[in-house]
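Let me begin by presenting the structure, written as C-alpha cells, before commenting on it.
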Amino acid sequence: MVRIVEVGPRDGLQNESAMVPTAAKIELVDRLSATGLRTVEATSFVSPKWVPQLADAAEVFAGIARRPGVAYPVLVPNLQGYERARAVGADEVAVFTAASDAFNRRNTNAGIDESLERFAPVLERARVDGVRVRGYVSTVLGCPYQGAVPLADVVRVARALHAMGCYEVSLGDTIGVGTPAKARDMLRAVAAEVPMPALAIHFHDTYGQALANVLACLEEGVAVVDAAVSGTGGCPYARGASGNLATEDLVYMLHGLGIATGVDLDALVDTGAWLSGILGRATGSRVTRARATA
Ligand code: HMG
Ligand code: MG
C-alpha cells in the first residue's frame, strides 16, 4: 500500500497565474476526497502578499465537506498562519523549509535555522492542541539559486524537523532536476537518520524524471508519495519550477505494479479533466491525455 498525499489544491493552485474562484477550489478538494485519497492538502495559510492565489484559504477550508478518514493538512509558515488555520478548524498543518539557505530566503525571507526557530512555537502549540504536523524539506536534489545541494544538508534539515515533532517529513525536489540514482541516494542518506515510515517524497516533474525517481525510491521502501492532480504545481519563488508529478500517472503506475492506493483512477481522471477545464489549459497528466483520446 502506498499513501498518496494529494497536493494539487495547494501546490497546484499556488502557482496559477489566473485566480481560481473559491467555489472551484472547494469543489476540487471535495472531488479529490471522493476518489479515495486519504490525504488532501487543502490550501495554504501563508502571507497573501506572498501568495495572493491562496488568499482565500480560510473560505476554502471552511467550505469543504470534510470526509471521515480523510486528512486535510494545510501549509503554515509561522504562528500567524497556524492561528488562521486553527480558527477555521484545521487539525493538521505542514511547515516548510529547505536544504538550501538561498532558496529558503527567497521563499520565506528567512535562513534555514531561522525558519526552524519559527516552527518551534508552532510545534509547541500543535502538541498542546493535538494537531498533527508534517514537515517539508525543499531543494533536496538541487536549488535554482545555489545549484548542487550537499546530502548532509538535506539530512540535517530532515532530522531537525523530525526531532521537533513532525510525524512525517516530505523530501521535495522543488525544481524537478533529480534523476533516479540521485533520488535513491538522497533517500537512503535521510533514512539512515529518520525512520523510513516517517518519510515521504515530493517530486516535481520539470525534467520528466518524477515517475522514475518515485520508482527508485519505492524500491528503497518509501511508502508515502506526494502528487498533484493534472500535474499542476510549482513554487512561485523557485525559478524554473513546474508541475508536480501528476497523481493520475502515479496511481496508474502503482496499480500496474500491483501496489494498492485506495484511489479510484477513473474518478481521479475525471477530476483532472474537470480541473484542466477550469484552468483553461491542457492536463499535465499523460494518463488523462491518453484516456481522452482512447
Ligand atoms: P515576511 O514578509 O518576512 O513576514 O514573510 P513578516 O512576518 O515580516 O510579515 C509581513 C506581513 O505579512 C505582515 O503584514 C504580516 O501580518 C503578514 P503587514 O503588517 O505588512 O500588513 N503575514 C501573514 N499574513 C497572513 N498569514 C500569514 C502571515 N505571515 C505574515 N501566515 C513569510 C515571511 C514566511 C510570511 C512569507 O515569506 C511567506 O508567506 N512565504 C510563503 C511562500 C510560499 O508560500 N511558497 C510556496 C510554498 S513552499 C513550496 O511550494 C515547496 C513545497 O511544495 C515542497 C517542494 O516542492 O519543495 C512545500
Ligand atoms: Mg512542491
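Anchor point for the sequence shown: position 151 equals 151 in the UniProt record's numbering, and the numbering is continuous, going up by one each time. Each residue gets a CB set at the ideal place from its N, CA and C atoms; glycine is no exception.
Any beta strand (DSSP E) of 3 or more consecutive residues that is wholly inside the stretch 125-157: 132-138
Span separating the alpha-carbon of Arg-118 from that of Ile-175: Here the question's residue 118 lines up with position 118 in the sequence shown. Here the question's residue 175 lines up with position 175 in the sequence shown. Taking the straight line joining both Cα atoms gives about 25 angstroms.
Residue(s) in a DSSP beta bridge with Val-224: Working through the sequence shown from its first residue, we reach residue 224 at position 224. Answer is Arg-3, bridged to Val-224.
Cβ contact check for the stretch 264-278 and the stretch 160-177: 3 or more pairs under 8 angstroms: no
Distance cut-off 7 angstroms: Lys-49 Cβ against heavy atoms of the ligand HMG: Here the question's residue 49 lines up with position 49 in the sequence shown. Under cutoff, so the answer is yes.
Ser-44 Cβ short of 7 angstroms to the ligand HMG heavy atom set: Reading the sequence shown from its first residue, position 44 is the one you call residue 44. Yes; taking the cut-off as 7 angstroms, the Cβ of Ser-44 has a heavy atom of the ligand HMG nearer than that.
Where the beta strand (DSSP E) containing residue 297 begins and where it ends: Any property of residue 297 remains undetermined from this structure, which presents the chain solely from 1 to 294.
Span separating the alpha-carbon of Arg-291 from that of Gly-272: Position 291 of the sequence shown, counting from 1, holds the residue named residue 291. Position 272 of the sequence shown, counting from 1, holds the residue named residue 272. For Arg-291 and Gly-272, the distance between alpha carbons rounds to 11 angstroms.
The stretch 81-97 touching the stretch 44-63, judged by at least three CB pairs closer than 8 angstroms: yes
Tyr-145 beta carbon less than 8 angstroms from that of Ala-99: Working through the sequence shown from its first residue, we reach residue 99 at position 99. Working through the sequence shown from its first residue, we reach residue 145 at position 145. No; because the gap between Cβ atoms is not below 8 angstroms, this pair is not in contact.
Same chain, Cβ closer than 6 angstroms to Arg-31, five either side skipped, listed in chain order: Stepping through the sequence shown from its first residue, residue 31 is reached at position 31. For Arg-31, where only same-chain residues beyond five positions count, the Cβ hits under 6 angstroms are Thr-271.
heavy atom of the ligand MG below 7 angstroms from Cys-235 C-beta: Looking up residue 235 in the sequence shown gives position 235. At least one heavy atom of the ligand MG is nearer than 7 angstroms to the Cβ of Cys-235, so yes.
Simplified DSSP assignment, three categories, for Asp-173: In the sequence shown, counting from the first residue as 1, residue 173 sits at position 173. Asp-173 falls in the strand class under three-state DSSP.
Where the beta strand (DSSP E) through His-202 begins and ends: Indexing the sequence shown from 1 puts residue 202 at position 202. Residues 199-203.
Which of helix, strand or coil DSSP assigns to Thr-43: Position 43 of the sequence shown holds residue 43. Thr-43 falls in the strand class under three-state DSSP.
Chain-order list of residues whose beta-carbon lies under 6 angstroms from that of Leu-116 (same chain, five-residue window excluded): Looking up residue 116 in the sequence shown gives position 116. Contacts found: Ala-160.
Three CB pairs or more closer than 8 angstroms across the stretch 273-280 and the stretch 48-58: no
Beta-carbon contacts of Ala-216 that lie in its chain and below 6 angstroms, excluding the five residues immediately before and after: Stepping through the sequence shown from its first residue, residue 216 is reached at position 216. Same-chain partners within the cutoff: Pro-180, Ala-183, Arg-184.
Spatial neighbours of Asp-249 in its chain, beta-carbon cut-off 7 angstroms, leaving aside the 5 residues before and after: On the sequence shown, residue 249 is found 249 positions in, with the first residue counted as 1. So the list reads Leu-211, Ser-285, Arg-286, Val-287, once near-sequence residues are dropped.
Assumed close pair Glu-220, Arg-188 - CB separation to whole angstroms, cut-off 8 angstroms: Start at 1 with the first residue of the sequence shown, and residue 220 comes out as number 220. Start at 1 with the first residue of the sequence shown, and residue 188 comes out as number 188. 6 angstroms between Cβ atoms; contact.
For Ile-26, the first and last residue of its enclosing alpha helix (DSSP H): For this step, residue 26 is matched to residue 26 along the sequence shown. Unbroken alpha helix (DSSP H) run through Ile-26: 22-33.
Close beta carbons around Ala-126, own chain, < 6 angstroms, minus the five adjacent residues each side: By one-based count along the sequence shown, residue 126 stands at place 126. Contacts found: Val-133.
Beta-carbon separation (whole angstroms), Val-157 vs Val-137, contact threshold 8 angstroms: The sequence position of residue 157 within the sequence shown is 157, counting from 1. The sequence position of residue 137 within the sequence shown is 137, counting from 1. Contact flag correct, Cβ pair sits at about 5 angstroms.
Cβ separation of Asn-244 and Ala-227, assumed to be a contact under 8 angstroms, to the nearest whole Å: Locating residue 244 in the sequence shown gives position 244, counting from the first residue. Locating residue 227 in the sequence shown gives position 227, counting from the first residue. Going by Cβ atoms, the distance from Asn-244 to Ala-227 rounds to 6 angstroms, so yes, they are a contact pair.
Under the three-state DSSP convention, the category Glu-114 falls into: The sequence position of residue 114 within the sequence shown is 114, counting from 1. Helix, per DSSP.
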